[in-house]
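Notes to accompany the following structure.
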Amino acid sequence: MLVIIAVGLLIYSKLRSAGIESEVATVSTLYPSQAFTLLNATGYVVPQTKADVASKATGRLEKLDVEEGLYVKKDQIIAQLENRDLAASLNQAAANVAVAKTELMKAEAELKEATLALNRARALVLKKFVSQELYDAEVARHDKAVAAVESAKSAIAAAEAAYQGARVSLDYTYIRAPFDGIILSKNADIGDILAPFSSTMLSKGTVVSMADMNTLEVEVDVAESNLGRVHVGQPCEVQLDAFPDGRFRCSVDRIVPTVDRTKATVLVKVRFIDKDERILPDMSAKVAFLSRELAPDQRNPVFGVPPAAIIGRGADQVAFVLKDGRVKEVPVETGDRIGDWVVVKKGLRAGDRVVLSPSEKIRDGAEVRVREAEKP
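Residue numbers for the sequence shown follow full-length UniProt numbering, so the first one is 1 and each next one is one higher.
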């Protein structure tokens with residue numbers, strides 16, 4: 001029995017002494033902009049030019065020539081209503097214009113004849129060859145012909161106005177893109193009844209929703225107490241939740257001069273400088289308002305560790321990288337500090353696990369037991 005207890009104590013002692021307990025941190029990706037950040041805020045990507053495209057006419061949707069994600073140009077036809085009745089009305093209006101022009105030609109011919117007759121009657125009445133009564137009749141005939149010409153001209157104007165009205169009515173059945181942009185969603189299908197300002201279950205109002213992707217901005221709410229740290233033209237850096245490893249250069253474009261009483265915030269609109277086709281409306285975004293514009297070499301990510309992970313061994317700086325329960329001594333080259341972390345230029349990469357405040361007992365190949373440190 002005493003032998004068993006002794007063996008157990010020996011095994012327990014070995015397990016307790018196996019490995020040196022050390023705190024470990026992970027090498028993380030840092031951005032130099034963190035050193036110049038005055039304020040952080042969250043918001044969403046919003047297109048400043050967006051439209052729910054609807055029909056100005058009432059009718060059944062006959063054609064829909066677009067799909068979600070399709071790029072369309074301004075005034076491009078994206079849908080069409082049934083319009084055979086309106087096309088017939090347009091043809092009738094065009095025929096009425098032609099008839100009115102023919103009536104004008106007839107009235108002008110009669111005016112020409114009446115003018116010649118009046119001139120003959122005037123010459124004859126002066127020579128007493130015809131009576132004054134006949135001359136007065138020719139004058140009246142001429143005046144009537146002049147009036148007929150003016151009436152024909154007015155009839156042409158009325159017919160052309162009716163033609164323009166019919167053409168506009170027909171054009172309303174063609175739904176066009178109001179600007180260059182991307183189709184975001186389709187809200188109606190072929191066969192649906194469309195009606196302007198529709199709010200019933202039997203008809204649709206909006207055909208498609210579209211946005212101009214060149215007008216994407218980030219809208220963020222900034223607390224009143226922090227408004228003094230924000231100004232128009234201020235450099236910013238945006239991180240999208242969809243692309244956590246990327247940063248986009250931006251600047252403050254507008255500060256909306258209205259305070260939201262319920263939240264005590266002011267709406268700030270941030271404009272993208274770096275355009276990217278991957279950026280989509282309604283993406284979640286984190287905005288860092290910077291104290292100054294970053295230099296080109298400060299826009300790239302760097303690797304960082306807590307300063308306690310770097311120690312001096314002789315003339316070199318080293319870190320102990322943990323892998324499979326054992327550490328490897330790695331020479332490193334450090335740079336500036338970013339917050340509470342130090343930049344590592346050489347020797348480490350993101351994801352490496354390093355020992356913090358390694359003791360003199362820790363040497364290359366030593367076995368350690370892990371106690372994780374907090375991440376930045």
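Every residue gets a Cβ at the ideal spot worked out from N, C-alpha and C, and that includes glycine.
Computed from a predicted model, the values in this text were never measured in an experiment.
Which whole-angstrom value is the C-beta distance of residue i and residue j, which I expect to be below 8 Å?
i: Ile-190; j: Met-210; result: Rounded, the Cβ-Cβ distance is 18 Å, inconsistent with contact.
i: Met-303; j: Ile-362; result: As written in the sequence, residue 303 is Phe, which differs from the Met given in the question. Contact flag wrong, Cβ pair sits at about 21 Å.
i: Val-45; j: Ala-285; result: 6 Å
i: Ser-55; j: Leu-240; result: That pair is no contact at about 35 Å.
i: Ser-185; j: Val-149; result: About 57 Å; that fails the 8 Å criterion.
i: Asp-352; j: Glu-329; result: About 13 Å separates the two Cβ atoms, so there is no contact after all.
Let me know the secondary structure DSSP gives residue i once reduced to three states.
i: Leu-38; result: strand
i: Asp-52; result: strand
i: Gly-365; result: coil
i: Tyr-44; result: strand
i: Asp-192; result: coil
i: Tyr-163; result: helix
i: Pro-296; result: helix
i: Lys-73; result: coil
i: Pro-283; result: According to the sequence displayed, residue 283 carries Met and not Pro. Note: Met-283 maps to coil in three-state DSSP.
i: residue 404; result: Outside the displayed span of the chain (1 to 376) sits residue 404, for which this structure offers no information.
i: Leu-356; result: coil
i: Val-149; result: helix
Please list, in chain order, all residues of the same chain as residue i whose beta carbon is under 6 Å from its beta carbon, the five residues on each side excluded.
i: Ala-35; result: Ile-338
i: Lys-346; result: Glu-333
i: Lys-269; result: Glu-217, Glu-219, Asp-253 and Arg-254
i: Glu-82; result: Gly-59, Arg-60 and Glu-62
i: Val-125; result: Tyr-135
Compare the Cα-Cα distances from residue i to each of the options and report the closest residue.
i: Gln-223; options: Val-266, Asp-297 and Thr-215; result: According to the sequence provided, residue 223 is Ala. The question's Gln does not apply to it. It is Val-266 whose Cα lies nearest to the Cα of Ala-223.
i: Val-238; options: Ser-22, Leu-39 and Val-24; result: Leu-39
i: Lys-144; options: Arg-229, Arg-261, Glu-113 and Tyr-31; result: Glu-113
i: Ala-88; options: Ala-308, Ser-169, Ile-175 and Gly-43; result: Ser-169
i: Ile-77; options: Val-146, Ile-20, Lys-50 and Tyr-172; result: Tyr-172
i: Ala-140; options: Lys-127, Asn-119 and Glu-367; result: Asn-119
Can you tell me whether residue i is buried or exposed, with buried defined as 16 or more other CB within 10 angstroms of its CB?
i: Ala-109; result: exposed
i: Ser-151; result: exposed
i: Pro-257; result: exposed
i: residue 389; result: Lying outside 1 to 376, the shown extent of the chain, residue 389 is not represented and no answer is given.
i: Pro-331; result: exposed
i: Ala-166; result: buried
i: Ala-116; result: The amino acid occupying residue 116 in the given sequence is Leu; Ala does not appear at that position. So Leu-116 counts as exposed.
i: Tyr-31; result: buried
Might you give, ordered along the chain, the residues of its own chain that have their beta carbon closer than 8 Å to the beta carbon of residue i, omitting 5 neighbours on each side?
i: Val-305; result: Ala-25, Val-27, Ser-28, Ala-319, Trp-341, Val-342, Val-344, Leu-348 and Val-354
i: Gln-234; result: Ser-251, Val-252, Phe-289 and Leu-290
Beta carbon of residue i: closer than 7 Å to some heavy atom of the ligand ADP?
i: Glu-293; result: Of the ligands one can find in the structure shown there are none, so the ligand ADP has no counterpart to examine.
Considering only residues of the same chain and omitting the five flanking positions on each side of residue i, which have a CB-CB separation below 7 Å?
i: Ala-121; result: Val-130, Leu-134, Tyr-135 and Glu-138
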